[in-house]
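The sequence shown finishes on residue 327 if you use our numbering, and the numbering steps up by one all the way, no holes. The beta-carbon is built from N, C-alpha and C at its ideal position, and this holds for glycine as well.
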Amino acid sequence: MDGRALGIALVLVSACSFGSGALLAKPVYAAGVPWLTLLAWRFLVGAALSWAWLLASGSRRAALRALPRRQVAAAFALGVLYVGNSATYYAGIETVSASLAALVVYIYPAIVAVLALFVGQRLAGARAWAALALALTGVVLAVGGIDPATRPPLAGLVQVVASPLIYSVWIVLAARLTGERRESTGEASDAGAEAAPATAVMTSATCAVYWLGSLAVGRPPTAVAIPSEAWPPLLAIGAIATFLAIQAFTAGARRIGAAQAALLSTIEPLWTIALAGLLLGESLTPIQALGGGLILAGVLLSQATPELLRRRVRLTFRVADE
6 MDGRALGIAL
16 VLVSACSFGS
26 GALLAKPVYA
36 AGVPWLTLLA
46 WRFLVGAALS
56 WAWLLASGSR
66 RAALRALPRR
76 QVAAAFALGV
86 LYVGNSATYY
96 AGIETVSASL
106 AALVVYIYPA
116 IVAVLALFVG
126 QRLAGARAWA
136 ALALALTGVV
146 LAVGGIDPAT
156 RPPLAGLVQV
166 VASPLIYSVW
176 IVLAARLTGE
186 RRESTGEASD
196 AGAEAAPATA
206 VMTSATCAVY
216 WLGSLAVGRP
226 PTAVAIPSEA
236 WPPLLAIGAI
246 ATFLAIQAFT
256 AGARRIGAAQ
266 AALLSTIEPL
276 WTIALAGLLL
286 GESLTPIQAL
296 GGGLILAGVL
306 LSQATPELLR
316 RRVRLTFRVA
326 DE
């Protein structure tokens, strides 16, 4: 397999891994594990694997030693800020279907496109606003098309909608905290080694917040309190939807470029919706399907300019090398 084909495969693996998080969370919730406990263990597993991956390679260890203190501080701050996005999403999918959540969350590229009008590189003309209008119209249809008999609580819907809003702000703050770096040429390089330390620090910071938060509210995420049937999907969320997803995206983007990697990642909500139908018996109404199409159209339009797309992707949690 040549480098480009391998890069495409890795990005697709990453998208499917990220998209599997909501599906794996459902049986954990069904076993009685609350979202705060799930996320504490998710990022503990993800952080442990990230550090193991980092320390297993001489080049990655060298990158850790060379990491400037400013970047360490920035990575830690971004890890703390990421709590807002992940908390609202996983709290929301306790009651909201995985397929609907996957659609709503994917409006964030269109939101970032509009924020970029004020901070950073811009889309030409009115395309940013058009992309956001398409995506928001899609959200209205997706949420409004819910069958009244299965309508989730308003709090869950608000949390799912809040997640991409918080994530979009997180991306902008990431740009301010970390600045710009050179773009991938499409060839594999030492970028993966450079990404590993920041990824480990960020994941550890997010993990620390969830564990301290659990202790602060009097719900320590002890292993003995987790039913045995919840452990396989819980560990899979940490290993697959966190560690593997991040590492595969980083490696894939090194080979094919961040812009193409992000476009390929659009398969993520489609993967989640398809598996939610097969495994959980979820389905979208025709109106919701139309809304999903508008959301994806808005995403594609928001990513139409490679310069904006590269800026956005370099600063996402997936690449995590900033």
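**OP:** Would you kindly report the start and end of the unbroken alpha helix (DSSP H) that includes residue 65?
**Re:** On the sequence shown, position 60 is the one that residue 65 refers to. That run of the alpha helix (DSSP H) goes 63–71.
Subject >> Limits of the alpha helix (DSSP H) - the one that residue 22 falls within >> reply: Along the sequence shown, read from residue 1 onward, the residue named residue 22 stands at position 17. Here the alpha helix (DSSP H) through residue 22 covers 8–24.
Subject >> Inside the stretch 230–309 only - alpha helix (DSSP H) runs reaching at least 4 residues >> reply: 236–243, 250–261, 263–269, 272–285, 291–307
Subject >> Bounding residues of the alpha helix (DSSP H) (the contiguous stretch that carries residue 91) >> reply: Taking the first residue of the sequence shown as 1, we reach residue 91 at position 86. Unbroken alpha helix (DSSP H) run through residue 91: 74–97.
**OP:** Can you have a look at residue 20 and say buried or exposed, based on whether 16 or more other CB atoms are within 10 angstroms of its CB?
**Re:** Mapped onto the sequence shown, residue 20 falls at position 15. That one is buried.
Subject >> Selected residue, minimal CA-CA separation from residue 290, among 7, 226, 149, 39 >> reply: The residue labelled residue 290 in the question sits at position 285 within the sequence shown. Residue 290 has its Cα closest to that of 149, out of 7, 226, 149, 39.
Original post:
Whose CA, out of 83, 34, 52, 271, lies closest to the CA of residue 212?
Top reply: Along the sequence shown, read from residue 1 onward, the residue named residue 212 stands at position 207. Of the listed residues, the one whose Cα sits closest to residue 212 is 52.
**OP:** May I have the straight-line CA-CA distance separating residue 177 from residue 89, to the nearest angstrom?
**Re:** What you label residue 177 is simply residue 172 of the sequence shown in a count that begins at 1. What you label residue 89 is simply residue 84 of the sequence shown in a count that begins at 1. Whole-angstrom Cα-Cα distance: 14 Å.
Original post:
With burial defined as no fewer than 16 other Cβ atoms inside 10 Å of the residue's Cβ, what is the status of residue 229: buried or exposed?
Top reply: If you number the sequence shown from 1, residue 229 lands on position 224. Exposed, since its Cβ has fewer than 16 Cβ neighbours within 10 Å.
Original post:
Just how far apart, CA to CA, sit residue 81 and residue 209?
Top reply: Stepping through the sequence shown from its first residue, residue 81 is reached at position 76. Stepping through the sequence shown from its first residue, residue 209 is reached at position 204. Near 8 Å, if we compare the C-alpha coordinates of residue 209 and residue 81.
**OP:** Thinking residue 11 and residue 260 are a contact (beta carbons under 8 Å), I'd like their distance in whole angstroms, please.
**Re:** Numbered from 1 along the sequence shown, position 6 holds the residue referred to as residue 11. Numbered from 1 along the sequence shown, position 255 holds the residue referred to as residue 260. Contact flag correct, Cβ pair sits at about 6 Å.
Original post:
Are the beta-carbon atoms of residue 297 and residue 147 separated by less than 8 Å?
Top reply: Reading the sequence shown from its first residue, position 292 is the one you call residue 297. Reading the sequence shown from its first residue, position 142 is the one you call residue 147. Against a cut-off of 8 Å, the Cβ pair of residue 147 and residue 297 comes out as a contact.
Subject >> Beta-carbon contacts of residue 244 that lie in its chain and below 7 Å, excluding the five residues immediately before and after >> reply: Along the sequence shown, read from residue 1 onward, the residue named residue 244 stands at position 239. 50, 54.
**OP:** With distances taken Cα to Cα, identify the nearest neighbour of residue 231 among 45, 135, 144.
**Re:** Taking the first residue of the sequence shown as position 1, residue 231 is located at position 226. That would be 45, whose Cα lies nearest to the Cα of residue 231.
Original post:
So residue 51 is in the alpha helix (DSSP H); what residue range does that whole segment cover?
Top reply: As a position in the sequence shown, residue 51 is number 46, starting the count at 1. Per DSSP, residue 51 belongs to the alpha helix (DSSP H) from 40–60.
**OP:** Decide if residue 84 is buried, meaning its Cβ has at least 16 other Cβ atoms within 10 Å, or exposed.
**Re:** One-based indexing of the sequence shown puts residue 84 at position 79. Classification for residue 84: buried.
Subject >> Distance CB(residue 170)-CB(residue 116) smaller than 8 Å >> reply: Residue mapping note: residue 170 aligns to position 165 of the sequence shown, counting from 1. Residue mapping note: residue 116 aligns to position 111 of the sequence shown, counting from 1. Contact flag set, yes.
Original post:
Can the beta-carbon of residue 157 be found less than 8 Å from the beta-carbon of residue 72?
Top reply: Position 152 of the sequence shown, counted from the first residue, corresponds to residue 157. Position 67 of the sequence shown, counted from the first residue, corresponds to residue 72. Taking 8 Å as the Cβ cut-off, residue 157 and residue 72 do not qualify as a contacting pair.
**OP:** Report the option in 299, 256, 160, 248 whose CA atom is closest to the CA atom of residue 14.
**Re:** Within the sequence shown, residue 14 is the residue found at index 9, counting from 1. Cα-wise, what sits closest to residue 14 is 256.
Original post:
At which residues does the alpha helix (DSSP H) containing residue 113 begin and terminate?
Top reply: Here residue 113 refers to the residue found at position 108 of the sequence shown. Taken as a continuous stretch (DSSP letters only), the alpha helix (DSSP H) holding residue 113 covers 113–120.
**OP:** Report all residues from its chain with a CB closer than 6 Å to the CB of residue 136; omit the five preceding and five following residues, and keep chain order.
**Re:** Within the sequence shown, residue 136 is the residue found at index 131, counting from 1. Counting only Cβ-Cβ distances below 6 Å, and skipping sequence neighbours, we find 115, 118, 303, 306, 307.
Subject >> residue 24 versus residue 64: straight-line alpha-carbon distance, rounded >> reply: Start at 1 with the first residue of the sequence shown, and residue 24 comes out as number 19. Start at 1 with the first residue of the sequence shown, and residue 64 comes out as number 59. C-alpha separation (whole angstroms): 30 Å.
**OP:** Look at the Cβ atom of residue 340, then the Cβ atom of residue 165, and state whether they are nearer than 8 Å.
**Re:** As displayed, the chain neither begins before 6 nor continues past 327, which places residue 340 out of reach and without an answer.
Original post:
Near residue 167, which residues of its chain fall below 7 Å by C-beta distance, leaving aside the five closest residues on each side in sequence?
Top reply: Here residue 167 corresponds to residue number 162 of the sequence shown, with the count starting at 1. Taken in chain order, the residues that qualify are 93.
Subject >> Contact check, residue 42 vs residue 219, beta carbons under 8 Å >> reply: Here the question's residue 42 lines up with position 37 in the sequence shown. Here the question's residue 219 lines up with position 214 in the sequence shown. Yes, they are a contact pair.
**OP:** Could you tell me which of 145, 287, 262, 30 sits nearest to residue 331, measuring between CA atoms?
**Re:** As displayed, the chain neither begins before 6 nor continues past 327, which places residue 331 out of reach and without an answer.
**OP:** Can you grab the Cα-Cα spacing for the pair residue 112 / residue 286, in whole Å?
**Re:** Position 107 of the sequence shown, counted from the first residue, corresponds to residue 112. Position 281 of the sequence shown, counted from the first residue, corresponds to residue 286. Roughly 24 Å separates the two Cα atoms.
Subject >> Where residue 151 sits in the DSSP three-state scheme >> reply: Numbered from 1 along the sequence shown, position 146 holds the residue referred to as residue 151. Reduced to three states, the DSSP call for residue 151 is coil.
**OP:** State the Cα-Cα distance for the pair residue 172 and residue 96, rounded to the nearest angstrom.
**Re:** The residue you call residue 172 lines up with position 167 of the sequence shown. The residue you call residue 96 lines up with position 91 of the sequence shown. In a straight line, the C-alpha of residue 172 is about 15 Å away from that of residue 96.
Subject >> Residues of its chain near residue 142, where Cβ-Cβ distance is below 6 Å and the 5 sequence neighbours each way are ignored >> reply: Taking the sequence shown and counting its residues from 1, one reaches residue 142 at position 137. The residues are 299.
Original post:
Three-state secondary structure (DSSP) at residue 161?
Top reply: Locating residue 161 in the sequence shown gives position 156, counting from the first residue. In this structure, residue 161 counts as helix in the three-state DSSP scheme.
Original post:
So, is residue 22 buried or exposed, given that buried needs 16 or more other C-beta atoms within 10 angstroms?
Top reply: Position 17 of the sequence shown, counted from the start, is the residue given in the question as residue 22. It is buried - the Cβ of residue 22 has at least 16 other Cβ atoms within 10 Å.
Subject >> residue 27 versus residue 277: straight-line alpha-carbon distance, rounded >> reply: As a first step, residue 27 is located in the sequence shown; it is residue number 22 there, counting from the start. As a first step, residue 277 is located in the sequence shown; it is residue number 272 there, counting from the start. Whole-angstrom Cα-Cα distance: 8 Å.
**OP:** Could you tell me if residue 223 is buried or exposed, where buried requires 16 or more neighbouring beta carbons within 10 angstroms of its beta carbon?
**Re:** Start at 1 with the first residue of the sequence shown, and residue 223 comes out as number 218. Residue 223 comes out exposed.
**OP:** Using alpha carbons as the reference points, say which of 272, 251, 207, 262 lies closest to residue 78.
**Re:** In the sequence shown, residue 78 corresponds to position 73, counting from 1. That would be 207, whose Cα lies nearest to the Cα of residue 78.
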